[in-house]
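Enquirer: Provided herewith is a single structure, encoded as structure tokens, for subsequent inquiry.
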Amino acid sequence: MRKKWITLFVLLLGMIPFIAISVMPLLTSAFTPPQATPSPMARPAAGDKIAELQAQEKGYQLVLEREPNNATALEGLVLARLQLIQLGKGEIASVIDPLRRLSAQRPEQTDYAILLGQAQQQTGDREGAAQTFQGVLAKSPGNLNALRALVDLYLKENRPQAAIGLIQDTLQGAEQANKVQPGSVDVTAVQLLLGDVYMTQKRYDEALTLFQNLGKENPNDFRPVLAQAMALTEQGKKTQAAALYAKAVELAPAKYKDAIQRAAQQMQQESPGTPEPSPQQ
Numbered sequence: 001m002r003k004k005w006i007t008l009f010v011l012l013l014g015m016i017p018f019i020a021i022s023v024m025p026l027l028t029s030a031f032t033p034p035q036a037t038p039s040p041m042a043r044p045a046a047g048d049k050i051a052e053l054q055a056q057e058k059g060y061q062l063v064l065e066r067e068p069n070n071a072t073a074l075e076g077l078v079l080a081r082l083q084l085i086q087l088g089k090g091e092i093a094s095v096i097d098p099l100r101r102l103s104a105q106r107p108e109q110t111d112y113a114i115l116l117g118q119a120q121q122q123t124g125d126r127e128g129a130a131q132t133f134q135g136v137l138a139k140s141p142g143n144l145n146a147l148r149a150l151v152d153l154y155l156k157e158n159r160p161q162a163a164i165g166l167i168q169d170t171l172q173g174a175e176q177a178n179k180v181q182p183g184s185v186d187v188t189a190v191q192l193l194l195g196d197v198y199m200t201q202k203r204y205d206e207a208l209t210l211f212q213n214l215g216k217e218n219p220n221d222f223r224p225v226l227a228q229a230m231a232l233t234e235q236g237k238k239t240q241a242a243a244l245y246a247k248a249v250e251l252a253p254a255k256y257k258d259a260i261q262r263a264a265q266q267m268q269q270e271s272p273g274t275p276e277p278s279p280q281q
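In full-length UniProt numbering, the protein residues as written are 1 to 281.
Spelled out as structure tokens, the structure:
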């Protein structure tokens, strides 16, 4: 169920960085060890792919020997190694150095630093990961990817109050940050992230109240409506949630409608049902 929350909160928070489309799924799957041995028929294709990726890796390394700061080669090296890791032929630690170099060369493209922090976290360097995420937030307090990553790190360390405090500090500084750079902090998205943390701690009433208040403040925004549906689904209140999912689809931009419908169907199917009280107004 938590994986479905993450899928929907990516929509809620609008976290679609330029490199995430190609790298984020690889990074996530690379951190998950293979679940099963491939069939004999699948092995030749996998072997060909591995050989191709290893050749790409070698090619990028040769380029970097001549041009150590070639950002295109560094990014290609990261992608090749992540795919090899996904196929069981590499280590997460191998992407840390090229990601560190990319983030140093292009500090304005913060996705490199966020990916670096995630790799550091997965290799056990949680302190280094926290420092990397904090470095992004020091320059860009409203960076939702960095905020989300640091919140998740705190939650994995069983520090929910640190996660909540980080979000509350971001909200307290949002007005000033938006004066300096208008729109730099999406207050609604940050509040939704706070509600998500409440949900991870099973503080469903607080999460639902927060989402309802956001819905009243932003009646044409699909995100608070979808968040309410998620909170109700997690409590097994499928009937109430179904109406809110439908409303969220109605309010959402066209590019999000199908994703919301698919994720909602999965959540509704997987969530245990419970007796539902009469709907509250």
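The beta-carbon is built from N, C-alpha and C at its ideal position, and this holds for glycine as well.
#1: Taking C-beta to C-beta, are A146 and L102 nearer than 9 Å?
#2: Kindly confirm or deny that the region 187–196 and the region 145–165 touch, where touching means at least three C-beta pairs closer than 8 Å.
#3: Just reading off the alpha helix (DSSP H) that I92 is part of, what are its end residues?
#4: Measuring CB to CB, does G215 end up less than 9 Å from P224?
#5: Check P68 in the structure and name its three-state DSSP category.
#6: Can you tell me whether K247 is helix, strand or coil according to DSSP?
#7: Go through the region 113–150 residue by residue and report every complete run of the alpha helix (DSSP H) that reaches 4 residues or more, in order.
#8: Can you look up P160 in the DSSP assignment and give me helix, strand or coil?
#9: Enumerate in chain order the residues of its own chain whose CB-to-CB distance from L77 is below 6 Å, with the five nearest sequence positions on each side excluded.
#10: For T170 versus P141, is the C-beta distance shorter than 9 Å?
#11: Can you tell which of K156, A163, A162, R106 has its C-alpha closest to the C-alpha of V136?
#12: Give the secondary structure of S184 by DSSP, where H, G and I count as helix, E and B as strand, and everything else as coil.
#13: Report, in whole angstroms, the separation of the C-beta atoms of N218 and T188, which I expect to be a contact under 8 Å.
#14: What is the DSSP secondary structure of K237, counted as helix, strand or coil?
#15: Go through its chain and collect everything with a Cβ distance to Y112's Cβ below 8 Å, but skip five positions before and after it.
#16: In terms of alpha-carbon separation, which member of E65, R81, G47, A46 lies closest to E57?
#17: Looking at L251: is its Cβ nearer than 9 Å to the Cβ of Q240?
#18: Taking DSSP as the reference, what is the three-state secondary structure of residue 284?
#19: CA-CA distance, A119 and Q134?
#20: Excluding the 5 residues flanking N220 on each side, which residues of the same chain have their C-beta closer than 8 Å to its C-beta?
#21: Taking only the alpha-carbon atoms, compute the straight-line gap between M1 and N158 and give it to the nearest angstrom.
#22: Roughly how many whole angstroms lie between the Cα atoms of K89 and A227?
#23: Look up P253 in the DSSP assignment and say whether it is helix, strand or coil.
#24: Of all the options Y154, Q172, D258, G183, which has the alpha carbon lying nearest to the alpha carbon of V197?
#25: For L87 versus K49, is the C-beta distance shorter than 9 Å?
#26: Rounded to the nearest angstrom, what separates P25 and Q83 at their Cα positions?
#27: Grouping DSSP H, G and I as helix and E and B as strand, with all else coil, what is R262?
Expert: Inspection of the coordinates gives the following:
#1: A distance of 9 Å or more separates the beta carbons of A146 and L102.
#2: Segments in contact, yes.
#3: Neither: I92 is in no alpha helix (DSSP H) and is coded neither H nor E.
#4: Taking 9 Å as the cut-off, the Cβ atoms of G215 and P224 count as close.
#5: Three-state result, P68: coil.
#6: Helix at K247.
#7: Entirely contained in the region 113–150, the alpha helix (DSSP H) runs reaching 4 residues are, in chain order, 126–139.
#8: In this structure, P160 counts as helix in the three-state DSSP scheme.
#9: Result list for L77: Y60, P98, in chain order.
#10: The Cβ atoms of T170 and P141 lie closer than 9 Å to each other.
#11: Answer by Cα proximity: R106.
#12: The answer is coil: DSSP assigns S184 none of H, G, I, E or B.
#13: With 8 Å as the limit, N218 and T188 qualify as a contact, their Cβ atoms being about 6 Å apart.
#14: Coil at K237, not helix or strand.
#15: These residues qualify, in order along the chain: I19, L99, L102, S103, R106.
#16: Closest in C-alpha terms to E57, from the list E65, R81, G47, A46, comes R81.
#17: No, the pair does not count as a contact, with Cβ atoms beyond the cut-off.
#18: The question about residue 284 has no answer, for the chain in this structure spans 1 to 281.
#19: Using only the alpha carbons, I get a separation of about 15 Å.
#20: The beta carbon of N220 is closer than 8 Å to those of L251 in its chain, skipping five residues each way along the sequence.
#21: Residue placement at M1 cannot be trusted, given a pLDDT of 47 that sits under 50; what the coordinates show is reported in the next sentence. Here the alpha carbon of M1 sits roughly 19 Å from the alpha carbon of N158.
#22: Cα to Cα, the separation comes out at about 39 Å.
#23: Here P253 carries a coil assignment [DSSP, helix/strand/coil].
#24: The shortest C-alpha to C-alpha distance from V197 to any of Y154, Q172, D258, G183 is the one to Y154.
#25: Result yes, Cβ atoms of L87 and K49 sit closer than 9 Å.
#26: With a pLDDT of only 45 at P25, under 50, the local geometry of the prediction cannot be trusted, and the value read off the model is given with reservation. For P25 and Q83, the distance between alpha carbons rounds to 10 Å.
#27: Helix.
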